[in-house]
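If you read the sequences in order, they're chains A and B.
The opening residue of the first sequence carries number 1 in my numbering; numbering runs sequentially from there.
The opening residue of the second sequence carries number 1001 in my numbering; numbering runs sequentially from there.
Positions of the beta carbon are idealized from the N, C-alpha and C atoms, including for glycine.
The structure presented is a predicted model; accordingly, all values stated were derived computationally and were not measured.
Down below is the structure, laid out as C-alpha cells.
2 protein chains.
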Amino acid sequence: MINIVEKANGPTHRPTGPRAEAREEAILGAALELLREVGYDRLSMDALAERARAGKATIYRHWSGKAQVVAEAIRRLKCERFDALVDTGSLRGDLLNAADQLGASFTTEDAAIIAGVTSAMRTDPELAELVRSQVLNNRGDFNGIIERAVRRGELPAGSTADLVHEVMPALLINRLVIRGEPIDAELANHLVDDIVLPLLHQ
Amino acid sequence: MINIVEKANGPTHRPTGPRAEAREEAILGAALELLREVGYDRLSMDALAERARAGKATIYRHWSGKAQVVAEAIRRLKCERFDALVDTGSLRGDLLNAADQLGASFTTEDAAIIAGVTSAMRTDPELAELVRSQVLNNRGDFNGIIERAVRRGELPAGSTADLVHEVMPALLINRLVIRGEPIDAELANHLVDDIVLPLLHQ
DNA sequence: TGAACGAAACGGAACGGTTGCGTTTCGAAA
DNA sequence: TTTCGAAACGCAACCGTTCCGTTTCGTTCA
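Put into C-alpha cells, the structure is as follows:
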C-alpha cells in the first residue's frame, strides 16, 4: 500500500525504543562519512546501510529518503566554535589564537562535506541554507576580540569585526574547498599579519 | 569486441572529416550547458547526446567517456581575462575597472561549473588541476595596475599585486559558489574601497 | 527475585522499476 | 563511402519496498 503522507513527510511513526537512538546515531555517522568520501550525489542508500551495519528498511523506518537523512546528519554535525573568550593580552595574540582554532575547526573533513554538497546546494535551497548556517557560519565570532582591543586602546572606539567575519572564513574555505590546500600555522600567521591586522588598522 | 586500448585512451581514430569539427563543437557546448545545469555527477551521456542532437555512438567515436568529454569542454572554455591595460588615470579607477570586469567574468554561469565539479575534483586530481588553471586562475593579473600606480607615485616602489591576487578572486568565488549571492557593482566598490586599497596602502 | 513471554525493532536478502553507461545495429544523409 | 541520428540492447547500480528470521527489552508471572 502506498502511503502518500508517509512518503511526503517521512514515517508517521519513527521508532522510539531504546535501540532507536543508537541506530540513528550509527546511520547519521555513516552518512557523514560517506558524504565526505563520495559526496551527496554518489551517496547511495545501499552503501549507507552497509556502512552503518543497518538494513535499508531500518533507514526508511526513521527517514523518508536520502535527502532527509543527509539533512539531519548535517544538522547534527557539531562544529566546534572557537573560543573567543581567552584573552591573550593583545589583539594580535587573540587573532592568532582565533585563526588557529578556526583553521582547526575548518578541517579538511569539513571541506570534504562542503565540496560534496556544493552541487546539490544549487538545486536544493533548504540544503543550501542548512549548510550555510550549520557548517559555514556559526563557527564563532570575533566581536569579543575586537571589543577587548578597543578597551585596550589598540583599536579606535567604534571598530567592528565585520571585515574580519567577511574575509577570514572566505579565505580559509577558498583554500580548503577550491584550491584543495591544507591550513597550517604559517597561513594563520599570514592571514592575521598581512590581511586582518592591516584591515583593522587602516 | 572489447578494445582495451580504445577504452583506456579514447578512440584510436577520432573522426576527422568536415563534419567532425561541427559535431565536436555541438557536443562540447552541450556538455558545458549540462555541467552548469546539473553538475558533473548528474550529467548523463543520454542527456548529453539529446542536448547536442547527436547519437551516443558519435560521442563515443570522439571520446572514450564522460570524463574525457567534460575535461575537453572545460579545456576549451574561454574565460575572458579582464583588460588591465586600460589606464583610467588613478589606482582606484583601475582597480574598480578590474573588479567590475572580474566580477562579470566570474559569472553565475562560471560559478555553476565550479560548483558542479567541486565534488569530482576531490577524487580526480587531473580534473582539479584543469579547473584550477582554466577557470580559477588565468583571469587576468593586477601587476600592470600596481606598476602604473607605482609610477604615478600612488604606491611606494616595490609594491606587488600578491595580496590582490590572493584576496579578490577568493572573495568573489566564495560569494558566488559558497554563499550563492550575485556580484554587483556595490560589491565591487566595497572590495576595492574597504579591502584592496587599505591592504595596498598599509 | 528471576524466568518466560510478546511486541517492537532489527539485519539481511530479495524484488520490481528506473536510470545510466557503453555498444551495436540500421537506415538516412552528406 | 564515410559519417551521422536514432533506437535498442545488455549490464550494472540505485531506489524504495517487502518479506523473513532474529535480537532486544519491557512486562508478566511464578
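{"Check": "Residues of its chain near I195(A), where Cβ-Cβ distance is below 6 Å and the 5 sequence neighbours each way are ignored", "Outcome": "none"}
{"Check": "Within-8 Å CB hit, P18(A) to chain B", "Outcome": "no"}
{"Check": "Own chain partners of G55(A) with C-beta closer than 8 Å, once the 5 adjacent residues on each side are dropped", "Outcome": "A49"}
{"Check": "Residue range of the unbroken alpha helix (DSSP H) whose run includes R19(A)", "Outcome": "18–38"}
{"Check": "Contact list for P198(A) against chain B, beta-carbon separation under 7 Å", "Outcome": "P1198, L1199, Q1202"}
{"Check": "Chain A within 8 Å of I1074(B), Cβ atoms only", "Outcome": "no"}
{"Check": "Given L1035(B) as reference, the closest of A1104(B), E1024(B), A1047(B) once Cα atoms are compared", "Outcome": "A1047(B)"}
{"Check": "Of the residues N1097(B), R1151(B), R1152(B), I1145(B), the one placed nearest D1162(B), counting alpha carbons only", "Outcome": "I1145(B)"}
{"Check": "Cβ-based contacts, 9 Å cut-off: residues of the stretch 1163–1181 of chain B near chain A", "Outcome": "L1163, E1166, V1167, P1169, A1170, L1171, I1173, N1174, R1175, V1177, I1178, R1179, G1180"}
{"Check": "Exposure label - Q202(A); buried when at least 16 CB within 10 Å", "Outcome": "exposed"}
{"Check": "Within-8 Å CB hit, R42(A) to chain B", "Outcome": "yes"}
{"Check": "Residues, ordered as in the chain, of the stretch 133–146 of chain A that lie near chain B by beta-carbon distance below 7 Å", "Outcome": "L136"}
{"Check": "Contact residues within the stretch 28–39 of chain A, judged by C-beta distance below 7 Å to chain B", "Outcome": "G39"}
{"Check": "Residue environment, V1005(B), which counts as buried when at least 16 other CB atoms sit within 10 Å", "Outcome": "Low confidence applies here, because V1005(B) scores a pLDDT of 31, under 50, leaving its location unreliable; read the following figure in that light. Classification of V1005(B): exposed, given that the 10 Å Cβ count is below 16."}
{"Check": "Chain-ordered chain B contacts of I113(A) [CB-CB under 7 Å]", "Outcome": "By Cβ distance, chain B contributes nothing, its closest Cβ being about 10 Å from I113(A), past 7 Å."}
{"Check": "As assigned by DSSP and simplified to three states, the class of E154(A)", "Outcome": "coil"}
{"Check": "R1042(B), DSSP secondary structure in three states", "Outcome": "coil"}
{"Check": "G1029(B) versus P1169(B): straight-line alpha-carbon distance, rounded", "Outcome": "26 Å"}
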